[in-house]
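Novice: Chains as they are written, first to last, in this note's numbering: chain F, 7 to 232; chain G, 7 to 232; chain A, 7 to 232; chain R, 7 to 232; chain X, 7 to 232; chain S, 7 to 232. Ideal placement from N, C-alpha and C gives every residue a C-beta, glycine not left out.
Number of protein chains: 6
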Amino acid sequence: MARTRHKARQTKTVAEKRNDPKKKQSPAAARSASSRAAHDDKEVMALKLKPAPPSPAMADLFKLCEEKLGFVPNVFKAFSFDMAKLEGFVGFRNSVMQGESGLSKVEQEMIATAVSTQNRCYYCVTSHGSAVRGLSGDPILGEQIVMNYRAAGLDKRQRAMPDFAVKLTVEPWTIEEEDRERLRRAGFSDRDIWDIAAIAGFFNMTNRIASAIDMRPNSQYHAMGR
Amino acid sequence: MARTRHKARQTKTVAEKRNDPKKKQSPAAARSASSRAAHDDKEVMALKLKPAPPSPAMADLFKLCEEKLGFVPNVFKAFSFDMAKLEGFVGFRNSVMQGESGLSKVEQEMIATAVSTQNRCYYCVTSHGSAVRGLSGDPILGEQIVMNYRAAGLDKRQRAMPDFAVKLTVEPWTIEEEDRERLRRAGFSDRDIWDIAAIAGFFNMTNRIASAIDMRPNSQYHAMGR
Amino acid sequence: MARTRHKARQTKTVAEKRNDPKKKQSPAAARSASSRAAHDDKEVMALKLKPAPPSPAMADLFKLCEEKLGFVPNVFKAFSFDMAKLEGFVGFRNSVMQGESGLSKVEQEMIATAVSTQNRCYYCVTSHGSAVRGLSGDPILGEQIVMNYRAAGLDKRQRAMPDFAVKLTVEPWTIEEEDRERLRRAGFSDRDIWDIAAIAGFFNMTNRIASAIDMRPNSQYHAMGR
Amino acid sequence: MARTRHKARQTKTVAEKRNDPKKKQSPAAARSASSRAAHDDKEVMALKLKPAPPSPAMADLFKLCEEKLGFVPNVFKAFSFDMAKLEGFVGFRNSVMQGESGLSKVEQEMIATAVSTQNRCYYCVTSHGSAVRGLSGDPILGEQIVMNYRAAGLDKRQRAMPDFAVKLTVEPWTIEEEDRERLRRAGFSDRDIWDIAAIAGFFNMTNRIASAIDMRPNSQYHAMGR
Amino acid sequence: MARTRHKARQTKTVAEKRNDPKKKQSPAAARSASSRAAHDDKEVMALKLKPAPPSPAMADLFKLCEEKLGFVPNVFKAFSFDMAKLEGFVGFRNSVMQGESGLSKVEQEMIATAVSTQNRCYYCVTSHGSAVRGLSGDPILGEQIVMNYRAAGLDKRQRAMPDFAVKLTVEPWTIEEEDRERLRRAGFSDRDIWDIAAIAGFFNMTNRIASAIDMRPNSQYHAMGR
Amino acid sequence: MARTRHKARQTKTVAEKRNDPKKKQSPAAARSASSRAAHDDKEVMALKLKPAPPSPAMADLFKLCEEKLGFVPNVFKAFSFDMAKLEGFVGFRNSVMQGESGLSKVEQEMIATAVSTQNRCYYCVTSHGSAVRGLSGDPILGEQIVMNYRAAGLDKRQRAMPDFAVKLTVEPWTIEEEDRERLRRAGFSDRDIWDIAAIAGFFNMTNRIASAIDMRPNSQYHAMGR
């Protein structure tokens, strides 16, 4: 008995420590926090590539991002050493993520996040996890997709999407008609299946580019949609 | 040219939608959010096991948790169908996580989180990711460990910990003297190596118990330390 | 002795069979061969999506392909249900594969093929294996990259490319500065590293889209560059 | 013919050698054997941690082990540098392995052994393989669980246990309601499922602690239950 | 619009380059091609082992190969440092691949190739991929088995073979009665199952010997059956 | 204190149970044990294939086995439905395992066992683990190779063998000159490397044939060399 009480006291001490504001945020830790954010906001990637002058279209895009998000996403800055490459990337992204689709915006972002988590991509999990939180208005859903989409209690339709996308991520060579049929049975048209495939494919690309060059997410993403 | 402008307009439209408060949080989404939180707070796990009356020591522990955290962590509730099991678990946890150690509190939680992320455990990533944020006072560090500790820019000492712990998680049979030597070269004593091993082992257990029974994290964890 | 002779005779019988033209290509097998080619040339993919009328730019592209290759690659046909998607894809592909680069054309295709083989993608191994054969004028090099690039006896520079690209394909989360340094030591600039990353990323996308929809390579690829 | 006879003679020669007592146990080999046993019995682990004086409870436990087993299991000696840690571990182990359970003792040890084999843990396969042999009175069952439980011809109930425990070991994030349902259909209650999960979790911990510190099994285990 | 036209022009330029005979086969590339073939034909393997004088039976075999294939397969040359080993290998190969069987010759080679592709064995994929092309008279079938047998549109019977063989290659410990039953349902007798198992086993051996010693396929294989 | 004593009592109770001869070997368990041995000795494999009359050479071999081992290994019985296949297998086995070699008998069996353990093959781990015990006169060495060869404290030379053989088993396509060099630095000649490769290859075959047909080891192996 005495021993268990003793343990409760130990617990208390630790719990107290955890709530001790002086301990929790020592000056060193606070400095580290701000330098961590500063680092991600300043060092866009590990490659030394000089930004080119923005083309008119890309200058417009940057301005729009500043107005709407308050910052230019670092993925755009990373491609900015070559305007043709940035325009090619933005054009393709728009064609994959912004056309008409049977998938809702948040469903698209759920696929993006589930794939990015499978590939453990810091940049994409940060930015698209943020999008799931923001678009769904459900911060817990965002966390669940980031941590393990199987724990999110998705309905049959929404569950079929990351099941397909993650299998396609891990073992693309095993996808067969049966897998497409499963999506159809969950209510998706062939046109929807294209979108699921294209989004899963797209993030398997961006995850790898981001990891290859250590692309850093803008620090603002972390707080958005909380 | 015209076409690129058109794309910028498309982008604008989407960006606007994302910031449209009516879109962002439709009544349905808001309902879904609150029911998601409610679910996790009410359904502690997937097994139907009736809580036993708390033993005095455990009643003390619950009271302490309420005072300090504002809630009783669901892991304690899950074990509560049998007070002997709960006491055994709490005693062991305290011996692993709360004794004297050469590792700081936040270092211990970084190991816990890195292992839990490797095992994609919703409960433990949520609760220990929260602890990393809280103890470090650095929310971005918490996110980095949750997403990919290799992206956190850790110094040599702190990097050696999750490297060892994650290798031990994935391929425990390949750990050899060389791996322990790497920890020693990073500044850890044999006593510290024990702690790293014990913490990594401990979370390889809790991750699996939590996954086996679908243990749900208290919804409060998600917002802590942001 | 007699026994070994007997075996040699067995061998002979089989070897003879293998060279027996009647056996080698029974009418059934020949039929099967031509229907296999016919299938791949007619059934572009497993999704039922009706081609849209080509946009002027895409009509130009198709005409150019017919003139230069003798056929329109099925990947373009697969995207043709939506001209915006096809244009987005072609634009991005061109920005990745056809701009100025420190990598030669055949080096780019070696990366494409090594990644596609890792992902066991029938469409992309067929079409890009063909490109390696054609661009190098070395059919055996093409086969080596298709089967196991480690067997190709590549020099230090060319070997470093698929080593990075395949690691990025299999475990993107483990790529770190050390991996980029290895490329630099093999003679690649930061600008080259971008290209290696972008090409590897690009084929991790196309491999998955192709596998997701069972995209079939035009039969002509198989014979090209032999 | 002569050749095959010759081979039979070769076989004979080898078989004879294998039964040649002088060959079988050369002085060097015998020395090696005893030094191997001596090593495992003396070097408890790879960490240099000085045993603390046993607490009264732990002194009792050691005395009991000596009386009943003839030795103190090295796992207890490994934890002995800190009595609080040893007591925490023993308390938890007892709560997992020694309370009331719907699983028989040998079923518990079968789970322990199957998990430990999956993790290729020398200490735990040795000690718990020994327990399966001893408790079942069936040395061949012990070997089958050590080598591949799928070869043990287990009945539906006993087979469901290691299937769940090993899946939980390898891919804990994929366990879902369907997996729990499979256990229920095999006759297990929710209370039993807890025990299966807790035992599988427990050995995923001890396997990793043992591997991390190169814990050596007492040599006596090898001969027990043969 | 102008921009897309520009891209079409870029495409054209590249396509033209690809068909430019001077570019396609620069003197350097041509040299490299022939030296690649020469290397594979001369350097049989990475081990320095001197050929022994052929035994009479093996001399007969070599002569037969020269007559029928135009060359002695390098696998025979690799074993030639010891005639007993070569005879043992040839005898076993004949017993596995050349006796009576319910599997056709091309079915046997399809299994050999699917296993060799799983193991990414340059020697065996080259030589047995060639055999599939030659025996089936269907070069595209050969390529499909080399790249991903799942893309070959095999009928139920022929599909069941590589499914079993590849599972046996990757996770042999998980094969159970259910897997054999699947083969029986696809029309195979127990005698046929033996052959599938033996062929899959045989190539899991040769793949590893070939990879271990860097065995080089005779260059002629690449062009056979095209 | 009382509580810890109580736990010691619990331990005692269990320990007593484990030593209770009535508990340890209930009539049911004993029956199960003998029927398990009987099963393995009677049901050689899962395929229904009728033994053919032994050829003279194989009749000699069987007689020799009976004289020397007391039984005919089930692997020979499994091949006996076709004497040509049995003779082919035995001839190859002898050429791999019984010729002159720079590896000692026990070293050959260590490779066989390490590979078989990697492949979790019940038949081969049983029979070759037994051979390691018997040939070394060191039962603990046999257990260590069966459980995790990395725990066996092998010297540099003997350690290099299973390191190469297990890598060759798991990822044969990654073996390169560097791996062979490591063997050479550990003291092996090119001729020895051949033997290591051939033995590793051979057991990758037999492991898969045994697993494919559920080959059962003779029960006598389990007790040999203890």
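What is the residue span of the alpha helix (DSSP H) that Thr-123(S) lies within?
Specialist: Translated into positions along the sixth sequence, residue 123(S) becomes position 117. Run containing Thr-123(S): 111-124, per the alpha helix (DSSP H) assignment.
Novice: Spatial neighbours of Thr-17(R) within its chain, please: CB distance less than 8 Å, with the 5 preceding and 5 following residues excluded, ordered by chain position.
Specialist: Locating residue 17(R) in the fourth sequence gives position 11, counting from the first residue. With a pLDDT of only 36 at Thr-17(R), under 50, the local geometry of the prediction cannot be trusted, and the value read off the model is given with reservation. Answer for Thr-17(R): no residue qualifies.
Novice: To be precise: take each residue of the region 207-220 of chain S, compare its Cβ to all Cβ atoms of chain X, and keep it if any distance is under 8 Å. Which residues remain?
Specialist: For the region 207-220 of chain S, which is checked against every Cβ of chain X, the residues closer than 8 Å are Gly-207, Phe-208, Asn-210, Met-211, Thr-212, Asn-213, Arg-214, Ile-215, Ser-217, Ala-218, Ile-219, Asp-220.
Novice: What residues from chain F crowd round Asn-100(A), counting only those whose CB sits closer than 9 Å?
Specialist: The residue you call residue 100(A) lines up with position 94 of the third sequence. Ordered by position in chain F, the residues that pass the 9 Å Cβ test against Asn-100(A) are Ala-90, Gly-94.
Novice: Leaving out five residues before and five after Glu-72(G) in sequence, what residues of the same chain have Cβ atoms less than 8 Å from its Cβ?
Specialist: Taking the first residue of the second sequence as position 1, residue 72(G) is located at position 66. Closer than 8 Å at Cβ, skipping near neighbours: Val-78.
Novice: Check the Cβ-Cβ distances between Gln-31(F) and every residue of chain G, and say whether any is below 8 Å.
Specialist: On the first sequence, residue 31(F) is found 25 positions in, with the first residue counted as 1. Low confidence applies to Gln-31(F): its pLDDT is 47, below 50, so where it sits in the model is not reliable, and the reading given next is rough at best. So, interface residue.
Novice: Thinking just about the alpha-carbon of each residue, which of Glu-187(X), Val-121(X), Ile-219(X) is nearest to the one in Arg-156(X)?
Specialist: Translated into positions along the fifth sequence, residue 156(X) becomes position 150. Measuring from the Cα of Arg-156(X), the nearest candidate turns out to be Val-121(X).
Novice: Might you give, ordered along the chain, the residues of its own chain that have their beta carbon closer than 8 Å to the beta carbon of Arg-232(S), omitting 5 neighbours on each side?
Specialist: Residue numbering aside, residue 232(S) sits at position 226 when the sixth sequence is read from its first letter. The residues are Arg-139, Pro-145.
Novice: When Cβ atoms are compared, which residues of the region 48-63 of chain X fall closer than 8 Å to chain S?
Specialist: Listed by position, the residues of the region 48-63 of chain X near chain S (Cβ gap below 8 Å) are Ala-52, Leu-53, Lys-54, Leu-55.
Novice: Under DSSP, the alpha helix (DSSP H) around Pro-168(F) begins and ends at which residues?
Specialist: As a working mapping, residue 168(F) is identified with position 162 in the first sequence. Here the alpha helix (DSSP H) through Pro-168(F) covers 162-176.
Novice: Are Lys-83(G) and Pro-57(G) close, meaning C-beta to C-beta below 8 Å?
Specialist: The residue given as residue 83(G) occupies position 77 in the second sequence. The residue given as residue 57(G) occupies position 51 in the second sequence. In contact: Lys-83(G) and Pro-57(G) (Cβ atoms closer than 8 Å).
Novice: Can you look up Ser-225(G) in the DSSP assignment and give me helix, strand or coil?
Specialist: The residue you call residue 225(G) lines up with position 219 of the second sequence. Of the three classes helix, strand and coil, the one that applies to Ser-225(G) here is coil, per DSSP.
Novice: Within 8 Å (strictly less), CB to CB, does Lys-28(S) reach chain R?
Specialist: Along the sixth sequence, read from residue 1 onward, the residue named residue 28(S) stands at position 22. Here the model assigns Lys-28(S) a pLDDT of 39, short of 50, so the residue's position is not dependable and the matter cannot be decided.
Novice: Return helix, strand or coil for Ala-52(G), following the three-state DSSP convention.
Specialist: Residue 52(G) sits at position 46 when you count from the first residue of the second sequence. Ala-52(G): coil per DSSP, three-state reduction.
Novice: What's the call for Glu-113(R), buried or exposed, on a 16-neighbour Cβ count within 10 Å?
Specialist: On the fourth sequence, position 107 is the one that residue 113(R) refers to. So Glu-113(R) counts as buried.
Novice: Report the option in Val-152(X), Leu-109(X), Leu-70(X) whose CA atom is closest to the CA atom of Tyr-129(A).
Specialist: To locate residue 129(A), count along the third sequence from 1; it is residue 123. The candidate whose alpha carbon is nearest that of Tyr-129(A) is Val-152(X).
Novice: Mind the definition here: the region 83-101 of chain A touches the region 92-100 of chain F only if three or more C-beta pairs lie below 8 Å; say whether that holds.
Specialist: The region 83-101 of chain A, when compared against the region 92-100 of chain F, does touch it at the 8 Å Cβ threshold.
Novice: Could you give the distance in angstroms between the alpha-carbon of Ala-3(G) and the alpha-carbon of Val-172(S)?
Specialist: Residue 3(G) is absent from the model: chain G starts at 7 and stops at 232.
Novice: Decide if the region 164-181 of chain R is in contact with the region 173-183 of chain G; the criterion is three or more beta carbon pairs, one per stretch, under 8 Å apart.
Specialist: Verdict: no, contact absent.
Novice: So is Lys-111(A) buried or exposed if we call it buried at 16+ other beta carbons inside 10 Å?
Specialist: Here residue 111(A) refers to the residue found at position 105 when the third sequence is read from its first residue. By the 10 Å Cβ count, Lys-111(A) comes out buried.
Novice: Mapping the DSSP letters down to three states, classify Phe-182(G) as helix, strand or coil.
Specialist: Locating residue 182(G) in the second sequence gives position 176, counting from the first residue. Rather than Phe, the amino acid found at residue 182(G) in this sequence is Glu. In the structure shown, Glu-182(G) sits in coil (DSSP, three-state: anything other than H, G, I, E or B).
Novice: Give the residues of chain F in contact with Asn-125(A), contact being defined as C-beta atoms less than 7 Å apart.
Specialist: Taking the first residue of the third sequence as 1, we reach residue 125(A) at position 119. Pro-178, Trp-179, listed in chain order.
Novice: Exposed or buried, which one is Ala-44(X) when buried takes at least 16 other CB atoms within 10 Å?
Specialist: Your numbering for residue 44(X) matches position 38 in the fifth sequence. Result: exposed.
Novice: Please name the residue, chosen from Gln-124(A), Gln-150(A), Ala-137(A), Gly-143(A), that lies closest to Val-131(X) on a Cα-to-Cα basis.
Specialist: For the purposes of this step, residue 131(X) is identified with residue 125 of the fifth sequence, where counting begins at 1. Here the closest residue by C-alpha is Gln-150(A).
Novice: DSSP on Phe-208(A), reduced to helix/strand/coil?
Specialist: Along the third sequence, read from residue 1 onward, the residue named residue 208(A) stands at position 202. Looking at Phe-208(A) - three-state DSSP - the assignment turns out to be helix.
Novice: Provide the residue span of the alpha helix (DSSP H) that contains Glu-72(F), from first to last.
Specialist: Taking the first residue of the first sequence as 1, we reach residue 72(F) at position 66. Unbroken alpha helix (DSSP H) run through Glu-72(F): 62-74.
Novice: Quick one: residues in its chain with C-beta nearer than 6 Å to the C-beta of Gln-226(S), no 5 flanking neighbours on either side, listed in chain order?
Specialist: Position 220 of the sixth sequence, counted from the first residue, corresponds to residue 226(S). If we look at Gln-226(S) and ignore the five residues flanking it on each side, its Cβ neighbours are Phe-77.
Novice: Determine the closest residue to Glu-106(S) out of Leu-109(X), Ala-90(X), Glu-106(X), with distance taken between C-alpha atoms.
Specialist: The residue labelled residue 106(S) in the question sits at position 100 within the sixth sequence. Nearest option by C-alpha distance: Ala-90(X).
Novice: Within the same chain, show all residues whose beta-carbon is closer than 7 Å to that of Ile-181(G), passing over the 5 residues directly before and after it, in chain order.
Specialist: Start at 1 with the first residue of the second sequence, and residue 181(G) comes out as number 175. Once the five neighbours on either side are set aside, the close Cβ partners of Ile-181(G) are Lys-173, Leu-174.
Novice: Applying the criterion that 16 or more other CB atoms from any shown protein chain within 10 Å of the CB defines a buried residue, is Gly-143(R) buried or exposed?
Specialist: Position 137 of the fourth sequence, counted from the first residue, corresponds to residue 143(R). With 16 or more other Cβ atoms within 10 Å, it is buried.
Novice: Terminal residues of the continuous alpha helix (DSSP H) containing Phe-77(X)?
Specialist: For the purposes of this step, residue 77(X) is taken as residue 71 along the fifth sequence, with counting starting at 1. Run containing Phe-77(X): none; DSSP gives neither H nor E here.
Novice: So, is Pro-168(X) buried or exposed, given that buried needs 16 or more other C-beta atoms within 10 angstroms?
Specialist: Here the question's residue 168(X) lines up with position 162 in the fifth sequence. Buried, by the Cβ-count rule.
Novice: Quick one: list the residues of chain X neighbouring Thr-132(A), beta-carbon separation under 8 Å, in chain order.
Specialist: Indexing the third sequence from 1 puts residue 132(A) at position 126. The answer, in chain order, is Glu-149, Met-153.
Novice: Using the beta-carbon count (16 or more within 10 Å), is Ser-133(S) buried or exposed?
Specialist: Reading the sixth sequence from its first residue, position 127 is the one you call residue 133(S). The residue in question, Ser-133(S), is buried, as its Cβ has 16 or more Cβ neighbours within 10 Å.
Novice: Does any CB atom of chain F fall closer than 8 Å to the CB of Glu-115(A)?
Specialist: As a first step, residue 115(A) must be located in the third sequence, where it is residue number 109. It does not; no Cβ of chain F falls within 8 Å.
Novice: Could you list the residues in the region 157-172 of chain A with a C-beta less than 9 Å from some C-beta on chain X, going in chain order?
Specialist: Taking 9 Å as the Cβ-Cβ cut-off against chain X, the residues of the region 157-172 of chain A that qualify are Ala-157, Ala-158, Gly-159.
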